[in-house]
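Peer 1:
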Amino acid sequence: MDLSDPEEFRSLYRDIQPGLLRYLRALAGPDAEDVASETWLQVARDIGTFAGDYDGFRGWVTTIARHRAIDGMRRRGRRPFGVPVPVEEMAGLPAADDTEAAGIESVSTDAALRLIATLPPDQAEAVLLRAVVGLDASAAGKVLGKRAGAVRTAAHRGLRTLAGRLSAAQAVGDKFRPGVTQREKLALKDMR
Amino acid sequence: MRTRHSRGISRATAERLLGGSVTADDPGTGQLARVLAAASAPPRDGELASEQMVMAAFEANHLATSVTPRKEHTSMLAKIFTVKVLFTSLAAFATGGVALAATTGALGSGTHRPVVTASASAGASATSANPAASVGASPSVSAIPSAVPSHSAAAAQPTGTSSGTAAPASQAAPSSTAAALPATAAGLCEALAGDAGSTLSPASLVQALSKTSVLQTLSSGSAEFSSLVSTAGSAANVADYCALLLDLPQLPDPSQLGELPGTLLGQTLTALPASALATDLISLPASTLSQVLSAVPASALSTMLTELPSSVLSQLLAELPASVLSQLLSELPSSVLSQIFAELPASLLSQLPTSLLGQL
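Top line first, the protein sequences correspond to chains A and B.
All residue numbers for the first sequence refer to our numbering, where the first residue is 1 and numbers rise by one.
All residue numbers for the second sequence refer to our numbering, where the first residue is 1 and numbers rise by one.
1) Can you pull the chain B neighbours of Ala-44/A, defined as C-beta to C-beta under 7 Å?
2) Give me the Cα-Cα distance between Ser-138/A and Trp-60/A, rounded to the nearest whole angstrom.
3) Distance, Cα to Cα, Asp-110/A vs Asp-45/B?
4) Report back the beta-carbon spacing between Gly-194/B and Ala-208/B to the nearest angstrom; my notes put them in contact at under 8 Å.
5) Using 8 Å for Cβ pairs, my map puts Ser-40/B next to Ala-28/A. What's the rounded Cβ distance?
6) Indicate whether Glu-59/B and Pro-309/B have their beta-carbon atoms separated by less than 8 Å.
7) Can you tell which of Arg-147/A, Leu-135/A, Pro-30/A, Leu-115/A has the C-alpha that lies nearest to the C-alpha of Thr-161/A?
8) So with CB distances below 9 Å, who are the chain B contacts of Phe-50/A?
9) Cα separation between Ser-167/A and Ser-204/B?
10) Beta-carbon within less than 6 Å of Arg-155/A's beta-carbon, same chain only, minus the 5 sequence neighbours each way: which residues are those?
11) Return yes when the Cβ of Pro-261/B is within less than 8 Å of the Cβ of Gly-361/B, no when it is not.
12) For the region 246-308 of chain B, list the alpha helix (DSSP H) runs that are entirely contained and at least 4 residues long, ordered along the chain.
13) Just reading off the alpha helix (DSSP H) that Ser-21/B is part of, what are its end residues?
14) Is DSSP giving Thr-39/A helix, strand or coil here?
15) Is there a Cβ from chain A that is less than 8 Å from the Cβ of Ser-299/B?
16) Quick one: what's got a C-beta closer than 6 Å to Thr-194/A's C-beta in the same chain, skipping five residues either side?
17) Would you verify that the beta carbon of Pro-273/B is, or is not, closer than 8 Å to some beta carbon of chain A?
18) Alpha carbon to alpha carbon, how far is Thr-199/B from Thr-159/B? Give it in angstroms, no decimals.
19) Please report the distance separating the alpha-carbon of Leu-12/A from that of Arg-147/A.
20) Looking at chain A, is there any beta carbon in it that lies within less than 8 Å of the beta carbon of Gln-31/B?
21) Quick check: Arg-75/A and Thr-212/B, are their CB atoms within less than 8 Å of each other?
22) Expressed to the nearest angstrom, what Euclidean distance is found between the alpha-carbon atoms of Gly-8/B and Leu-348/B?
23) Cutting at 6 Å between CB atoms, please list the residues of its own chain near Gly-141/A, excluding the five before and the five after it.
24) Thinking Ile-70/A and Thr-39/A are a contact (beta carbons under 8 Å), I'd like their distance in whole angstroms, please.
25) If you run the structure through DSSP and keep just helix, strand and coil, what is Glu-47/B?
26) Give the straight-line distance between the Cα atoms of Asp-46/A and Ala-236/B, rounded to the nearest whole angstrom.
27) Listing by chain order, which chain A residues have their CB less than 8 Å from the CB of Gln-256/B?
28) Considering only the beta carbon of each residue, do Asp-159/A and Arg-22/A sit closer than 8 Å?
29) Could you pull the start and end residues of the alpha helix (DSSP H) that Val-214/B belongs to?
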């Protein structure tokens with residue numbers, strides 16, 4: 001891995017940025033884009049201080065992003081995972097009518113992220129870092145300042161909760177045949 | 001609302017799901033696998049929107065740290081020096097004997113030679129590659145006594161004038177803010193960050209300055225830091241001011257930068273190495289960028305714009321509304337304008353009023 005090569009750096013960016021941005025959107029809501037950009041600017045500037053392999057780089061970038069997101073929210077008096085998903089993202093969702101027949105099969109990326117973001121913060125973060133950012137349990141642990149076992153447990157609990165919500169939504173869906181959007185509203189209502 | 005189904009996911013199954021090795025056809029966990037697959041689906045439009053900006057920052061950094069600059073960089077730097085020295089000479093005439101010291105940060109690293117003919121016409125001596133040579137009379141008259149400690153490894157401090165500091169020299173009439181700037185402004189900033197012994201890393205300094213306790217200290221009217229507050233204009237502006245003064249890797253509060261007094265912005269921004277200037281400007285929200293560039297004196301603006309790598313320059317200028325861009329450019333001398341126009345994409349040029357283009 002030659003981090004002084006612009007093309008190598010570009011391909012790392014392209015590989016890491018989408019998952020990182022999705023994680024930040026759940027963590028920091030509307031600040032996600034700004035936090036991600038600031039993170040990469042810091043990475044571009046401090047890249048000389050990084051030593052390690054590809055997975056280490058992914059973890060390093062994620063750690064910077066998480067610190068920046070949490071610092072930023074603290075300054076604004078917000079809580080992580082406390083920001084509702086921006087309205088414009090709703091536009092990306094298929095309409096209820098379209099999904100009526102297709103059901104959960106057509107779940108969009110935004111809908112999936114929104115569903116994960118309704119989990120308790122530690123579970124949501126563990127699931128996102130592993131399944132979306134692509135870190136293994138020990139790398140995710142380093143980012144979160146936890147042991148790998150604790151991350152596995154949190155992610156496991158998160159998946160169990162999600163599976164419970166999905167089958168409950170399915171049960172409701174079998175009765176009323178609502179679309180994905182309505183199912184999520186039910187899931188969100190359960191959280192409050 | 002838990003069902004038996006949800007309890008059925010074992011730890012091992014969870015690991016397989018997280019690793020992406022469960023297919024959507026799996027009867028027990030198919031739904032969950034679909035949700036996870038959707039969450040980690042291939043990139044969509046917009047998710048890579050920051051690529052150009054990130055690569056510009058990477059290249060700006062690369063430009064400053066690479067030992068042997070590539071060919072095109074050399075020729076670009078030669079161009080920059082031509083304009084910079086020419087501009088310095090013109091300004092010397094305009095201000096009549098006020099001492100100047102144009103600082104160029106990392107660009108003045110000695111590998112590039114300024115074009116001597118340009119400066120010779122003004123009678124200035126520019127025999128070394130260091131453009132911080134003083135033009136005109138007594139070099140220390142307007143030198144601002146703000147010692148800038150070199151926190152950044154990339155910061156090649158210009159070997160300065162007789163004062164020996166990396167003083168940003170804004171040759172525009174020394175303003176009251178500049179006169180009031182304490183010799184220990186940088187030291188006060190370090191004290192504010194709780195770093196009296198200069199032991200913290202730049203990144204830790206940024207974090208320390210970002211803390212709300214810093215703002216509280218400043219707002220409480222503490223006499224110790226009152227000079228920082230008055231120089232920066234308000235307590236909320238101090239963190240960014242300190243970050244510029246100490247050449248820290250980031251601004252603690254980028255959107256606040258536009259609130260700093262224009263003269264002070266001009267002094268601190270032109271004192272930064274080109275790569276730091278590029279990173280700081282790129283990190284600003286578009287509205288703050290407009291505010292900052294409009295606030296700095298025209299002379300500082302010329303220095304900044306000619307110092308930036310062309311990729312960064314076109315990126316930054318493209319962010320500005322056309323009206324702001326026209327206004328900014330109309331303040332610049334035509335020598336600087338021609339330099340900048342050479343870097344702008346045609347799409348941007350076409351938005352400018354013809355009166356500006358006519359000046360060339």
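Where a beta carbon is used, it is the ideal one built from N, C-alpha and C, also for glycine.
Since we're looking at a predicted model, the values are computed, not measured.
Peer 2: Answer, in terms of the structure:
1) Here residue 44/A corresponds to residue number 44 of the first sequence, with the count starting at 1. Within chain B, the residues near Ala-44/A are Val-54, Ala-57, Phe-58, Asn-61.
2) Numbered from 1 along the first sequence, position 138 holds the residue referred to as residue 138/A. Numbered from 1 along the first sequence, position 60 holds the residue referred to as residue 60/A. Their Cα atoms are separated by approximately 13 Å.
3) What you label residue 110/A is simply residue 110 of the first sequence in a count that begins at 1. What you label residue 45/B is simply residue 45 of the second sequence in a count that begins at 1. Rounded to the nearest angstrom, the two C-alpha atoms are 13 Å apart.
4) Here residue 194/B refers to the residue found at position 194 when the second sequence is read from its first residue. Here residue 208/B refers to the residue found at position 208 when the second sequence is read from its first residue. Between Ala-208/B and Gly-194/B the Cβ distance is about 6 Å, and since that is below 8 Å, they are a contact.
5) Your numbering for residue 40/B matches position 40 in the second sequence. Your numbering for residue 28/A matches position 28 in the first sequence. Under the criterion of beta carbons closer than 8 Å, Ser-40/B and Ala-28/A do not qualify as touching, at roughly 19 Å.
6) Start at 1 with the first residue of the second sequence, and residue 59/B comes out as number 59. Start at 1 with the first residue of the second sequence, and residue 309/B comes out as number 309. Yes, Cβ-Cβ distance for Glu-59/B and Pro-309/B is below 8 Å.
7) If you number the first sequence from 1, residue 161/A lands on position 161. Among Arg-147/A, Leu-135/A, Pro-30/A, Leu-115/A, the Cα nearest to that of Thr-161/A is on Leu-115/A.
8) For the purposes of this step, residue 50/A is taken as the residue at position 50 of the first sequence. The CB of Phe-50/A never comes closer than 9 Å to any CB in chain B; the least such distance is about 12 Å.
9) Position 167 of the first sequence holds residue 167/A. Position 204 of the second sequence holds residue 204/B. Looking at the two C-alpha atoms, the distance is approximately 47 Å.
10) Stepping through the first sequence from its first residue, residue 155/A is reached at position 155. A small correction: the amino acid at residue 155/A is Ala; Arg does not occupy that position in the sequence shown. Only Ala-126, Val-127, Arg-130 meet the Cβ criterion.
11) As displayed, chain B neither begins before 1 nor continues past 360, which places residue 361/B out of reach and without an answer.
12) At a cut-off of 4 residues, the continuous stretches assigned as alpha helix (DSSP H) that sit fully inside the region 246-308 of chain B are 262-271, 274-282, 286-295, 298-307.
13) Within the second sequence, the letter at position 21 stands for residue 21/B. That residue, Ser-21/B, is in no alpha helix (DSSP H); it is neither H nor E in DSSP.
14) Taking the first residue of the first sequence as position 1, residue 39/A is located at position 39. Helix at Thr-39/A.
15) Within the second sequence, residue 299/B is the residue found at index 299, counting from 1. No, Ser-299/B lies away from the interface with chain A (no Cβ there is under 8 Å from its Cβ).
16) Examination of residue 194/A is not possible in this model, given that chain A is present from 1 through 192 alone.
17) One-based indexing of the second sequence puts residue 273/B at position 273. By this cut-off, Pro-273/B is not an interface position.
18) As a position in the second sequence, residue 159/B is number 159, starting the count at 1. As a position in the second sequence, residue 199/B is number 199, starting the count at 1. The predicted position of Thr-159/B is uncertain, since its pLDDT is 39 and thus under 50; no value can be drawn from it.
19) Here the question's residue 12/A lines up with position 12 in the first sequence. Here the question's residue 147/A lines up with position 147 in the first sequence. Between Leu-12/A and Arg-147/A, the alpha-carbon positions lie close to 26 Å from each other.
20) Within the second sequence, residue 31/B is the residue found at index 31, counting from 1. Judged by the 8 Å Cβ criterion, Gln-31/B is in contact with chain A.
21) Here residue 75/A refers to the residue found at position 75 of the first sequence. Here residue 212/B refers to the residue found at position 212 of the second sequence. Yes, the pair counts as a contact, with Cβ atoms nearer than the cut-off.
22) Residue 8/B sits at position 8 when you count from the first residue of the second sequence. Residue 348/B sits at position 348 when you count from the first residue of the second sequence. Taking the straight line joining both Cα atoms gives about 60 Å.
23) Counting from one through the first sequence, the residue named residue 141/A turns up at place 141. Same-chain partners within the cutoff: Arg-147, Ala-148, Val-151.
24) By 1-based counting over the first sequence, the position of residue 70/A is 70. By 1-based counting over the first sequence, the position of residue 39/A is 39. So it is not a contact: roughly 12 Å between Cβ atoms.
25) Position 47 of the second sequence holds residue 47/B. Reduced to three states, the DSSP call for Glu-47/B is coil.
26) If you number the first sequence from 1, residue 46/A lands on position 46. If you number the second sequence from 1, residue 236/B lands on position 236. So the two alpha carbons sit approximately 26 Å from each other.
27) Within the second sequence, the letter at position 256 stands for residue 256/B. The premise fails here: Gln-256/B is roughly 11 Å from chain A at the closest Cβ pair, so nothing lies under 8 Å.
28) Walking along the first sequence from the start, residue 159/A turns up at place 159. Walking along the first sequence from the start, residue 22/A turns up at place 22. Note on residue identity: the sequence assigns Leu, not Asp, to residue 159/A. No.
29) Residue mapping note: residue 214/B aligns to position 214 of the second sequence, counting from 1. Residues 212-219.
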